[in-house]
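Residue numbers (the numbering used here): 71 to 527.
Just so you know, even glycine gets a beta-carbon here, dropped at the ideal spot from N, CA and C.
What follows is a single structure, written as structure tokens, with notes after it.
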Amino acid sequence: MERATQRDATPERSAQPRSGTDVTERAPDIIGAPNAHAPERHIERDSFAWNTTAGLLSGFQSVIMLMLIMRTCDVATAGIFTIAYTSACLLLTLGQYGMRQFQVSDRKPRFSFRDYGLSRILTTALMLLAGAAYLLVASNVLHYAWEKSAVIFVMCLFKAIDSIEDVLHGNYQQYGRLDVGARFLTARLATTLVVFAGAIIACADLLPAMTATTIYTGAFFVWETWRIRRSYGLPRHGSSATDKTLRSAVRLLKACFPLFLGAFLLLYISNAPKYAIDAFMSDAAQAYYGFIAMPVFFVGLVASFVYNPMIAPLSNAWARRDTHGFLRGFGRISLIIVGIAIACTLLAWLAGVPVLNLIYDTDVMDYRNELTALVAGGAFYALTSLATLGIAIIRRQNLLIGGYITVALAALAASNYFVPIWGITGATWVYFFSMLALSVIFSVCFLVCVWREDKQP
Numbered sequence: 071m072e073r074a075t076q077r078d079a080t081p082e083r084s085a086q087p088r089s090g091t092d093v094t095e096r097a098p099d100i101i102g103a104p105n106a107h108a109p110e111r112h113i114e115r116d117s118f119a120w121n122t123t124a125g126l127l128s129g130f131q132s133v134i135m136l137m138l139i140m141r142t143c144d145v146a147t148a149g150i151f152t153i154a155y156t157s158a159c160l161l162l163t164l165g166q167y168g169m170r171q172f173q174v175s176d177r178k179p180r181f182s183f184r185d186y187g188l189s190r191i192l193t194t195a196l197m198l199l200a201g202a203a204y205l206l207v208a209s210n211v212l213h214y215a216w217e218k219s220a221v222i223f224v225m226c227l228f229k230a231i232d233s234i235e236d237v238l239h240g241n242y243q244q245y246g247r248l249d250v251g252a253r254f255l256t257a258r259l260a261t262t263l264v265v266f267a268g269a270i271i272a273c274a275d276l277l278p279a280m281t282a283t284t285i286y287t288g289a290f291f292v293w294e295t296w297r298i299r300r301s302y303g304l305p306r307h308g309s310s311a312t313d314k315t316l317r318s319a320v321r322l323l324k325a326c327f328p329l330f331l332g333a334f335l336l337l338y339i340s341n342a343p344k345y346a347i348d349a350f351m352s353d354a355a356q357a358y359y360g361f362i363a364m365p366v367f368f369v370g371l372v373a374s375f376v377y378n379p380m381i382a383p384l385s386n387a388w389a390r391r392d393t394h395g396f397l398r399g400f401g402r403i404s405l406i407i408v409g410i411a412i413a414c415t416l417l418a419w420l421a422g423v424p425v426l427n428l429i430y431d432t433d434v435m436d437y438r439n440e441l442t443a444l445v446a447g448g449a450f451y452a453l454t455s456l457a458t459l460g461i462a463i464i465r466r467q468n469l470l471i472g473g474y475i476t477v478a479l480a481a482l483a484a485s486n487y488f489v490p491i492w493g494i495t496g497a498t499w500v501y502f503f504s505m506l507a508l509s510v511i512f513s514v515c516f517l518v519c520v521w522r523e524d525k526q527p
């Protein structure tokens, strides 16, 4: 897409000459908020610490819940939880619509919080409608039991709260207070796990435990939003590009559509083997694949700790036309991710099986090779996420669509062919090669786009 066609939807790059200015420039603190005049270094330190803690809790939420289920229920229930959590997270990409990175990097800003908020209400409603439609089809085609369908829908409600909360936390980060949202998110996630643990131990039944946990999560979110508004004056509304909020929200949705489609297809590609297992194998097989796939998300989670706090600084560097600093920042992050991936792959081979056996009270020794291959594939997933972040910052997100659609169709066909034949082993290698293909396609795309932009006057 030509640059002129994106002017209304994105912050323009500054006409300032390129320089070696530090890429750690940040948005000003919120005026009138407690600690508004605290040193930036203090806020950055708190942001990193709390964001890391919240990220760990978020990434390990399903791990801890699955661990509790394995000790109170049976392996089939664990399989139902795995597909429910997977489906809810896939639908969450529709709710969040790939907008967080766009919102945080909207430095001018071009869209007000009302625009972001209204668009998020629309996408979250669509998320729930899509979940209901999926369950209607699955109940008839895959013959889901009513309890399995109910668990999946409650899980969608559980994740819908994450969708609404995300747009608020995006606003806090946009205006330099990532620490505020991350601190409350940490508290919500920690207490939610405590509530789930109590409910699943008391009931030994997944459906009532998830229902109680969802009700608690919703209540905490309402209290959290009220408390932050009262104490910090957040969210900050900003100015809108137009007085017509609905029209502006629609423009925002159009601008973010490639990011949504990319996020949705990326998660679908990574989970295509799980859906093939759901269609051709048992709930128990789903549970075992879920056990060995857990470390994959640990790689992506740790990588996100590295690049998420850098979204705003990298966006500032790009806006200043500091291409050298921009690429230098991405290069450092890439090297760190590669180092993390190598360490995690070695750990998976050496210690993955006993650790997973201990966590899930099971035996996955037969899947040691598959576990290692999945973790290696997770490294390519992390590099893909980094490349798509760069493409989003330079506002060339439309270029993502072709690559994602191509690999998604290939993953769908490969999963439906190899999983019935080779089972979990087939699912593993479909995941690995899908992630490898995506990382190569988008890394090349990112570098070419930056090179072309840099050549323009």
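Classification of residue i by the beta-carbon crowding that lies within 10 angstroms, buried from 16 upward
i: proline 104; result: Because the pLDDT of proline 104 is 44, which lies under 50, any placement of that residue in the model is unreliable, and the question is left without a value.
i: isoleucine 101; result: Low local confidence applies: a pLDDT of 33 at isoleucine 101 is under 50, so the model's placement there is unreliable, with the coordinate-based value given in what follows. It counts as exposed.
i: arginine 299; result: exposed
i: lysine 167; result: Looking at the sequence provided, one finds tyrosine at residue 167 rather than lysine. Tyrosine 167 is buried by the Cβ-count criterion.
i: glutamine 467; result: buried
i: alanine 446; result: buried
i: threonine 464; result: With the sequence shown as reference, residue 464 is identified as isoleucine, and threonine is not the correct amino acid for it. So isoleucine 464 counts as buried.
i: phenylalanine 512; result: buried
i: aspartate 236; result: buried
i: glutamine 526; result: exposed
i: isoleucine 475; result: exposed
i: isoleucine 412; result: exposed
i: alanine 389; result: buried
i: threonine 91; result: Model confidence at threonine 91 stands at a pLDDT of 34, short of 50, so the residue's coordinates are unreliable; what they give is reported in the following sentence. Answer is exposed; the Cβ neighbour count stays below 16.
i: histidine 213; result: exposed
i: proline 179; result: buried
i: aspartate 433; result: exposed
i: tryptophan 521; result: exposed
Residue of the options minimising C-alpha distance to residue i
i: leucine 329; options: Ala200, Gly460 and Ala257; result: Gly460
i: alanine 443; options: Gln467, Val145 and Leu417; result: Leu417
i: serine 374; options: Thr415, Ser455 and Leu397; result: Ser455
i: serine 117; options: Asn378, Ser352 and Leu506; result: Asn378
i: phenylalanine 172; options: Val500, Phe327 and Ala154; result: Phe327
i: threonine 193; options: Lys324, Val514 and Tyr358; result: Lys324
i: isoleucine 381; options: Thr262, Thr498 and Arg177; result: Arg177
i: glycine 125; options: Ala354, Gly251, Ala421 and Val408; result: Gly251
i: glycine 246; options: Cys273, Val320 and Arg306; result: Arg306
i: leucine 160; options: Cys143, Asp232, Val264 and Ala411; result: Asp232
i: tryptophan 419; options: Val477, Gly332, Val366 and Asn386; result: Val366
i: alanine 497; options: Phe183, Ala387, Phe516 and Lys344; result: Lys344
i: isoleucine 362; options: Phe334, Thr122 and Leu426; result: Leu426
i: isoleucine 403; options: Val518, Ile234, Ser128 and Gly370; result: Gly370
i: leucine 196; options: Ile347, Ile139 and Leu162; result: Leu162
i: leucine 248; options: Trp120, Phe291 and Leu277; result: Trp120
i: phenylalanine 181; options: Thr432, Ala449, Arg317 and Ala387; result: Arg317
i: leucine 198; options: Met169, Gly165, Thr123 and Trp216; result: Gly165
- Taking 8 Å as the threshold, find out whether the stretch 275 to 284 comes into contact with the stretch 218 to 233 through three or more Cβ pairs. yes
- Task: Could you pull out every unbroken beta strand (DSSP E) segment of at least 3 residues lying fully inside the stretch 339 to 384, listed in chain order?
- Result: none
- Query: Are the stretch 339 to 347 and the stretch 120 to 135 in contact at 8 Å, needing three or more beta carbon pairs?
  - Reply: no
- Counting pairs of beta carbons, one from the stretch 425 to 440 and one from the stretch 475 to 488, are three or more of them closer than 8 Å? no
- So, do the stretch 260 to 271 and the stretch 195 to 203 have three or more beta carbon pairs nearer to each other than 8 Å? no
- Message: Taking contact to mean 3 or more Cβ pairs, one atom from each stretch, closer than 8 Å, check whether the stretch 390 to 397 and the stretch 181 to 192 are in contact.
- Response: no
- Every unbroken beta strand (DSSP E) within the stretch 130 to 170, with a cutoff of 3 residues, ordered by chain: none
- If you scan the stretch 474 to 508 from start to end, which runs of the alpha helix (DSSP H) of 4 or more residues do you find wholly inside it? none
- Item | Within the stretch 202 to 267, ranges of the alpha helix (DSSP H) (whole runs, at least 4 residues) | 216 to 244
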